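Chains as they are written, first to last, in the numbering used here: chain A, 4 to 381; chain B, -19 to 330.
All C-beta atoms in this analysis are idealised placements derived from N, C-alpha and C, irrespective of residue type, glycine included.
Keep in mind that this is a model prediction, so the values were computed, not measured.
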Amino acid sequence: MTSAPLPARLRVRTISGSQHLDFIRSRPSVSFLQTPAWAVVKSEWRGESIGWFDGDRIVGAALVLYRKVPRLKRYLAYLPEGPDIDWLGGDLERWLDPLRVHLKDQGAFGIRMGPPVVTRRWHAGTIKQAIADPVLATLSDVPADVNDDTALAVATSLTRLGWKELPTEGGFSAGQPKFNFQVPLAGRTEEDVLAGMNQLWRRNIKKAAKAGVEVEAGTRDDLAEFHRVYAETAERDHFTPRPLSYFERMWDALTAEEPDRLVLYLARHEGDLVAATTMVRVGEHAWYSYGASTTAKRDVRGSNAIQWQMMRDALAAGATTYDMRGITETLDPADSHVGLIQFKVGTGGEAVEYLGEWDLPINRALHLGFTAYMRRRG
Amino acid sequence: MSGGFELDVDAERWRRHLTTVVEATPGIVPVVKGNGYGLGRDLLAAESTRLGLGTIAVGTYREVPEALAAFGGDVMVLTPWRPFFDHVVLDDRVIHTMSRVEDIAALAAAAPGARVLLEGETSMARHGLDRHELAAAVGVLGDLQVEGFAIHLPLGPNGRAGGNFAEAQSWAAVLEASQVETTTLYVSHLTAAELTALRTHRPNLDVRPRIGTSLWLGDLGALSVHATVLDAHLVARGERIGYRQKPMPRDGTLLVIAGGTSHGIGLEAPKASSGAVQRGKLLAKGGLEAAGFSLSPFTIAGKQRWFAEPPHMQASMIFLPAGSTAPEVGTDVDVAVRFTTATFDAVNLR
């Protein structure tokens, strides 16, 4: 009988931004919320890049954002859509125990993370059928087209290690969404992607082209124009817009990391800006992050045209996933969110369920107090 | 012939009931399992043929060979197929129930072309695939032929069928949204009204109810169980009798009646509604029960009587207090039985 040598103990320590970036570049992709640049965007949090070391070799990395408790030098350590470790290889304790030790030394009273682990996928056709079926009210009610048992087992391991999943409401927790919509690009051509869309999307893309809508990449100076349309969208759709300075900071931080990390798209019709979006890409994963459109000239279908341009550019850049980000879990046609899902479903992509966000209290009293404080803040 | 523990069936009345149920229940699959609901599986298989039905459902693979011999149509096995079963019958007329992804892959390898049902795991939590496993199940089907999708629902409120409509609706929707390519849905424990509603809501589905008890035992008036009195002895208070030499509580008659443990007498199925109140009532009854006696299922002179000692394999000893008229040796008394645990010396269609 042969036995494998015992795995060496992993150690977690602070790494430099450039070490972190080098590791990210060696990986197919990580979430853009896990890049060193994101710490610069989230300036109200203290950011730290950390690495997992097997001897001298770096084998995992994360961006930690520290949120300070009022009046105390204690922090919630938040790893949005991270860390980037070997989630499915088993023995999670080997990875998470040194993480806890390190973050505790940094003054964390609790850890929150969002394992970038996909548990289930639903194809567009399945979702479309489910929306039409009054009995199937949420994605969880609908039989998934792909079920990853190994990924689902991670939840059991986390629970065993003392982590607790944050409750979500309709798939939206306070943090990152549990359900996302993605268009797979791996091994597909532009024609394949177009053919996978529903008729309405194809017709609208054609319509925009025929109407003369032109989509181009913008510069930092164009952010102000983007922001004007974005503010109009915010008013129309009743959400609170972020200030222009936020987008400028994002631009500066992300493009400094990689010139094409963030791209601004502008769709114009006869000189009028009708839609504007941003796309973020880390390796093989491209995200549609912010989007805006004018109320005027909706019939020229600037939104479809701009999405199609982003998808084509993502494909050309070698992306395997075009990510349209969060959707709610609801499939109830009476729910106002269902329109957004239907728009995304039209691309022919798939809904994916992540493992959700998880908390590990280090100091239970402080953690409880903080959770209550966050709930009151709403 | 008489002289034992027997079931008499008023054949005309019973068959009238069967016909009524079958005509009112399109797509019915009669369940012919276990002890054949007291009537015997062969009789039920023959009745299924007489009723012109194409499929019957049996409980286990052990029951399949007999069913294939007694019935000319398809035989569906309710117990899910497992790779470790050593008595599986592979036959073109057998439909296997599949409830685990790994089992489907195993059967697809062992018996390509076999006919299968996929079963969903309902709130019964007994057997079945999780809804999110259906795609994986379809992925490993290989050459297996999917004949339908099955759900086994719990009994509704008060232990009766019904009350599961929401769950049935949900599973019907799941089936339609899933990758499982069948439009046949086998259901258990829905009322006639629920079946109608399900068909109305799901016009694309062929809803087929699997029915046992309410078909075969739906008209208990057509069935009568009787046991022959084999012997009678006068006994005095304090006299010791039987295997256990138990003293009699008072004077009376000791009756030896056909029907013992081998017939299912004295075997009690766990009661569904034995709450604290129910148990309290039983304790409070006292009397012979408190003295260690148990109430028997035999009714004599209009009253349920007490066992004089635990039932034997073939007969029971019943105590009849003095003052009651004892039946003659050779005559029959009525017995209340749980048909699913009863074995009769004879089933007489009259």
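Check, Outcome
"is_contact[A/T129, chain B] using C-beta, thresh 7 angstroms", "yes"
"Amino acids of chain B, ordered along the chain, whose beta-carbon sits closer than 9 angstroms to that of A/D335", "By Cβ distance, chain B contributes nothing, its closest Cβ being about 13 angstroms from A/D335, past 9 angstroms."
"Close Cβ partners of A/I114 (< 6 angstroms) along its chain, the five nearest in sequence each way excluded", "A80, L106 and L363"
"B/S158: contacting residues in chain A (beta-carbon distance under 7 angstroms)", "P146"
"Beta carbon proximity, A/V138 to chain B, threshold 7 angstroms", "yes"
"Boundaries (first-last residue) of the beta strand (DSSP E) holding A/E219", "E217 to A220"
"Distance, A/K210 Cα to A/P246 Cα", "33 angstroms"
"Three-state class that DSSP yields for B/E127 in the structure shown", "strand"
"Below-7 angstroms beta-carbon distance, B/A117 vs any chain A residue", "no"
"Reference B/A117, options B/R21, B/L97, B/R106 and B/P6, closest by Cα", "B/L97"
"Cβ neighbour criterion (16 or more within 10 Å) applied to B/N144", "buried"
"B/V154 at chain A interface by Cβ criterion, 7 angstroms", "yes"
"Same chain, Cβ closer than 7 angstroms to B/G32, neighbours up to 5 away in sequence not counted", "none"
"C-alpha gap between B/V209 and B/L23, whole angstroms", "27 angstroms"
"Residues that A/H126 bridges to, as DSSP identifies them", "A/E353"
"Under 7 angstroms between C-beta atoms of A/D148 and A/R163", "no"
"A/R231 - DSSP class collapsed to helix/strand/coil", "helix"
"Buried or exposed by the 16-neighbour rule on C-beta atoms within 10 Å, applied to B/E56", "Checking the displayed sequence, the identity of residue 56 of chain B turns out to be Met instead of Glu. B/M56 is buried by the Cβ-count criterion."
"Spatial neighbours of A/R315 in its chain, beta-carbon cut-off 7 angstroms, leaving aside the 5 residues before and after", "E193"
"Proximal residues of chain A, C-beta to C-beta of B/E113 below 7 angstroms", "N150"
"Environment of B/A25 [buried if 16+ CB atoms lie within 10 Å]", "buried"
"Beta-carbon proximity list for A/G286, same chain, < 6 angstroms, skipping 5 on both sides", "P31 and S32"
"Reference A/G190; option with closest CA among A/G359, A/V15, A/Y325 and A/W166", "A/Y325"
"Partners in chain B for A/A133, counting only beta-carbon separations shorter than 7 angstroms", "A157"
"Nearest neighbour of A/F346, chosen from A/A234, A/E219, A/Q185 and A/F229 [CA to CA]", "A/Q185"
"Host beta strand (DSSP E) of A/R115 (start-end)", "A111 to M116"
"Contact set between the region 97 to 123 of chain A and chain B, restricted to residues whose Cβ is under 7 angstroms from the partner", "R123"
"9 angstroms Cβ cut-off: residues of chain A touching B/S150", "V138, L139 and D144"
"With 16 other Cβ atoms within 10 Å as the buried cut-off, status of B/K265", "Note that B/K265 has pLDDT 48, beneath the 50 cutoff, so the model's placement of it is unreliable and no number is given."
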